[in-house]
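Respectively, the protein sequence lines represent chains A and B. So the first sequence is numbered by our numbering: it starts at 1 and just counts up by one. So the second sequence is numbered by our numbering: it starts at 251 and just counts up by one. These notes concern the structure reproduced below.
Number of protein chains: 2
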Amino acid sequence: MSRAAFPRQDQRTLADDGNELRFCSTCAFSQACMDEGMDKASLGDLHVLVEHVGPFHAGEYIFREGDPFEAIAAVRAGTVKTSVVDRDGHEHVLGFHLPGEVIGLNAIDGDRYPCDAVALDTVMLCRFSFPKISVLATRLPGLQRQLFRLLSRDIGRAALLAGDWSADQRMAAFLLGVSRRLAARGFSPNRFQLTMPRTDIANYLRLAPETVSRVLRRFQEEGLLRVERRELELLDRDALDALAAPVLRD
Amino acid sequence: MSRAAFPRQDQRTLADDGNELRFCSTCAFSQACMDEGMDKASLGDLHVLVEHVGPFHAGEYIFREGDPFEAIAAVRAGTVKTSVVDRDGHEHVLGFHLPGEVIGLNAIDGDRYPCDAVALDTVMLCRFSFPKISVLATRLPGLQRQLFRLLSRDIGRAALLAGDWSADQRMAAFLLGVSRRLAARGFSPNRFQLTMPRTDIANYLRLAPETVSRVLRRFQEEGLLRVERRELELLDRDALDALAAPVLRD
DNA sequence: CGCGCCCTTGACCGGATTCAATATGCGTGG
DNA sequence: CCACGCATATTGAATCCGGTCAAGGGCGCG
Chain A
1 MSRAAFPRQD QRTLADDGNE LRFCSTCAFS QACMDEGMDK ASLGDLHVLV EHVGPFHAGE
61 YIFREGDPFE AIAAVRAGTV KTSVVDRDGH EHVLGFHLPG EVIGLNAIDG DRYPCDAVAL
121 DTVMLCRFSF PKISVLATRL PGLQRQLFRL LSRDIGRAAL LAGDWSADQR MAAFLLGVSR
181 RLAARGFSPN RFQLTMPRTD IANYLRLAPE TVSRVLRRFQ EEGLLRVERR ELELLDRDAL
241 DALAAPVLRD
Chain B
251 MSRAAFPRQD QRTLADDGNE LRFCSTCAFS QACMDEGMDK ASLGDLHVLV EHVGPFHAGE
311 YIFREGDPFE AIAAVRAGTV KTSVVDRDGH EHVLGFHLPG EVIGLNAIDG DRYPCDAVAL
371 DTVMLCRFSF PKISVLATRL PGLQRQLFRL LSRDIGRAAL LAGDWSADQR MAAFLLGVSR
431 RLAARGFSPN RFQLTMPRTD IANYLRLAPE TVSRVLRRFQ EEGLLRVERR ELELLDRDAL
491 DALAAPVLRD
């Protein structure tokens, strides 16, 4: 179980190619750090730590539970699923990570990854060596604040799973969540792909796959959305918002 | 909403009375710090920060959501309920805090308490000024470690609410949890009081109050326990353990 | 073409909620 | 002391939501 995480196929480091800096500025991570008021010199320090890795193809593991924790990574393209397997062999999906989002943060208090991360489609990553970034964080309050914020945001997202919400509420909250996160990165908020299979959505929402199917069909009958296989279009945001409100608020 | 938290009625500071030090060493907090290997001098520093406050009577608020975060506190006697009220006015019980346990920790990343804390019976507290304790923590790694450990423990306890456990499993896990926590402070693990009303238990476990009643009655019929009003006796720990196992493990 | 995977759909079942009625304690005031 | 009122608990009956089981459909790929 001590295989190296983030295998380095096709990696290109920033040091090799100045153009990469501009390209990597699409990373949510760097952007957020700038929003936090980090100056350009600090941002330069940060970018030196970056490696671009990938592509990973659907089904490929990015890291596995128990792998030594060496780096966090920002998703540049594609979708990453994180999950754990309990002692009975059942998978529990922890979350989906869209372009611009960071994986590996929940390993921050240990020296091993506490979950699996697997690509759902073709995934490109920006890899940040964690030892280096944490040293840097001691010098840069803005960076540290950003790390803590990302951490607490992940924790807060668990509200979707806690609470005894109905299948409709869970599904509405999930779809709106994906929509908003995509919109925050410049993608269309109303038309997008569900890159994960129904079974993963169901597992994540703690529903049966059949229930996911039925809820989506009913939402479509009621004119809330249009869905065909993994293609999705949100038609009535207000209605979905109303459903999801108690889940997402407070 | 800017009323002062932890009103100081009946408070006696350590500085006023040397005897209080011995008494307060019953606080879980200090004990845990000693377990962490803190030396006596450091423990002395810690005890100087302590104020004994109380009593609070059943129904009295210890702090309210939005109050400025000034202190954490260890419960010396009684039970404290923490909860939030959503925008629809519905209460959500976050947890119950038994003697030896710490309240206020979840305010640690903000400057306001994020929840209400209310006494369920007659409550006595040890109050620790947070600004002072956090300064102290920078000097004492053992103290800092203890703070983080308490934090993560609280987060982990949410496992009881997540997951789609049956009413029986939730109830068994809840009862065993209370039993173990009481036992850890020297109380009888098999005979104790449920100091909270059924509605609060139900709310916490996300069940209907009627379901709580029925499950307890059935547990009694099956010989797992004896319950009369709020008096409880666990009779078949093994059976309860078996029920609670999947909830508490992993 | 045929196999496998993912998704859908229907019928049925069961656990938990909901609604409604009743019981039990406890404090208050007559 | 008892009567009363209120909050808390219990119990029963009806209902509903979501899970399970089983079958069938669409699509990609060898």
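All C-beta atoms in this analysis are idealised placements derived from N, C-alpha and C, irrespective of residue type, glycine included.
What does DSSP give as the partner residue(s) for residue i in the beta ladder?
i	result
A/Glu231	A/Gln193, A/Glu228
B/Tyr311	B/Val368
B/Arg362	B/Pro318
B/Phe378	B/Val300, B/Ile322
B/Ile353	B/Ala323
B/Val385	For B/Val385, which the question treats as bridged, DSSP gives no partner whatsoever.
Where do the N-terminal and C-terminal ends of the beta strand (DSSP E) with residue i fall, by residue?
i	result
B/Gly304	300-306
A/Phe96	91-97
B/Ser333	330-335
A/Arg181	Taken as a continuous stretch (DSSP letters only), A/Arg181 belongs to no beta strand (DSSP E), being part of the alpha helix (DSSP H) at 167-184.
I think residue i touches residue j, with their Cβ atoms under 8 Å apart; what is that distance to the nearest whole Å?
i	j	result
A/Phe128	A/Phe69	About 12 Å; that fails the 8 Å criterion.
A/Ile103	A/Ala119	Actually they are not in contact, since the Cβ atoms of A/Ile103 and A/Ala119 sit about 11 Å apart, beyond 8 Å.
A/Arg170	A/Leu224	With a Cβ gap of about 14 Å, A/Arg170 and A/Leu224 do not count as contacting.
B/Phe442	B/Leu493	So it is not a contact: roughly 18 Å between Cβ atoms.
B/Thr332	B/Leu344	5 Å
A/Arg249	B/Arg337	6 Å
B/Thr449	B/Pro459	5 Å
A/Leu147	A/Ala137	6 Å
B/Ala308	B/Asp371	5 Å
B/Asp418	B/Val465	6 Å
A/Asn106	A/Pro114	6 Å
A/Pro55	A/Val135	Rounded, the Cβ-Cβ distance is 29 Å, inconsistent with contact.
A/Asn203	A/His97	Incorrect: roughly 16 Å between the Cβ atoms, too far for contact.
Provide the residue span of the alpha helix (DSSP H) that contains residue i, from first to last.
i	result
B/Ile322	No alpha helix (DSSP H) holds B/Ile322; the beta strand (DSSP E) holding it covers 321-327.
B/Phe469	459-471
A/Asp238	237-248
A/Asp88	Unbroken run through A/Asp88: none, as it is neither H nor E.
B/Arg456	Taken as a continuous stretch (DSSP letters only), B/Arg456 belongs to no alpha helix (DSSP H), as it is neither H nor E.
Okay, do the segment 171-179 of chain A and the segment 62-76 of chain A touch, 3+ Cβ pairs below 8 Å being the bar?
-> The answer is no - the segment 62-76 of chain A does not touch the segment 171-179 of chain A, with fewer than three Cβ pairs under 8 Å.
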